[in-house]
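Chemist:
In the numbering used here, the protein residues as written are 1 to 210.
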């Protein structure tokens with residue numbers, strides 16, 4: 001599979017090539033985000049099944065070291081991160097396996113950040129490059145997520161500014177949970193972890209978890 005196939009599926013074949021790599025020029029980002037929001041954020045069994053049928057072989061191939069050529073470009077690295085960090089959550093929803101690829105996705109993201117790959121992507125693409133940081137149960141990674149999403153908000157054009165600020169707020173929400181509990185309590189039952197009294201009280205509140 002080509003890495004572009006992943007990007008076309010996730011971003012709806014957005015014409016990033018015409019927009020170039022100038023992070024100040026991304027006029028369609030908000031429209032793309034609105035168009036793709038159901039795919040990205042909803043819990044939908046049909047979408048989950050489609051992603052599993054279409055991309056599970058790709059995920060398994062990446063885990064065994066195939067598609068190494070993807071990492072030769074920032075866009076290819078982004079595609080690999082999306083497969084492990086996003087598609088895995090659809091494929092294996094409501095199971096511990098949904099999180100078992102997180103450490104490798106985080107490694108790829110950090111490696112790319114060190115190389116400056118993230119700065120060669122559009123603002124909307126950068127959102128998904130940084131999400132492995134936000135998914136990590138380490139406070140240092142949560143702090144880095146806030147830093148990166150804040151930089152993204154600073155770089156974003158006016159048309160994407162409100163959405164970018166929303167991602168900063170969401171990063172702060174994740175960081176606050178890790179700072180308080182040292183982990184995401186909503187994962188406990190899937191990972192076989194016993195919840196503390198404080199975590200149970202937190203989980204009982206409307207809207208707890210992510």
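We treat Cβ as the ideally placed atom computed from N, Cα and C, and that holds for glycine.
Please state the DSSP three-state secondary structure of residue 66.
Modeler: Correct three-state label for residue 66: coil.
Chemist: Can you give the Cα-Cα distance for residue 67 and residue 157, rounded to whole angstroms?
Modeler: Looking at the two C-alpha atoms, the distance is approximately 33 Å.
Chemist: Run through the segment 44-97 for me and flag every whole beta strand (DSSP E) of 3 or more residues, listed as ranges in chain order.
Modeler: Here no run is fully enclosed.
Chemist: Any idea what DSSP makes of residue 12, helix, strand or coil?
Modeler: In this structure, residue 12 counts as coil in the three-state DSSP scheme.
Chemist: What residue from 164, 166, 147 and 207 has the CA that sits closest to residue 185's CA?
Modeler: Out of 164, 166, 147 and 207, 207 has the C-alpha closest to the C-alpha of residue 185.
Chemist: If residue 159 sits next to residue 29, beta carbons under 8 Å apart, how far is it from one beta carbon to the other, in whole angstroms?
Modeler: Indeed they touch by this definition, with Cβ atoms about 6 Å apart.
Chemist: Going by beta-carbon coordinates alone, are residue 129 and residue 112 separated by less than 8 Å?
Modeler: Going by C-beta atoms, residue 129 is nearer than 8 Å to residue 112.
Chemist: Locate the alpha helix (DSSP H) running through residue 181, then write down its first and last residues.
Modeler: Run containing residue 181: 158-181, per the alpha helix (DSSP H) assignment.
Chemist: My assumption, with CB atoms under 8 Å, is that residue 51 sits in contact with residue 91. Please give the rounded CB distance.
Modeler: Contact holds; Cβ gap of about 6 Å.
Chemist: Given a cut-off of 8 Å, decide if residue 106 and residue 133 are closer than it, judged by their beta-carbon atoms.
Modeler: Yes, they are a contact pair.
Chemist: In three-state terms, what does DSSP make of residue 100?
Modeler: The answer is coil: DSSP assigns residue 100 none of H, G, I, E or B.
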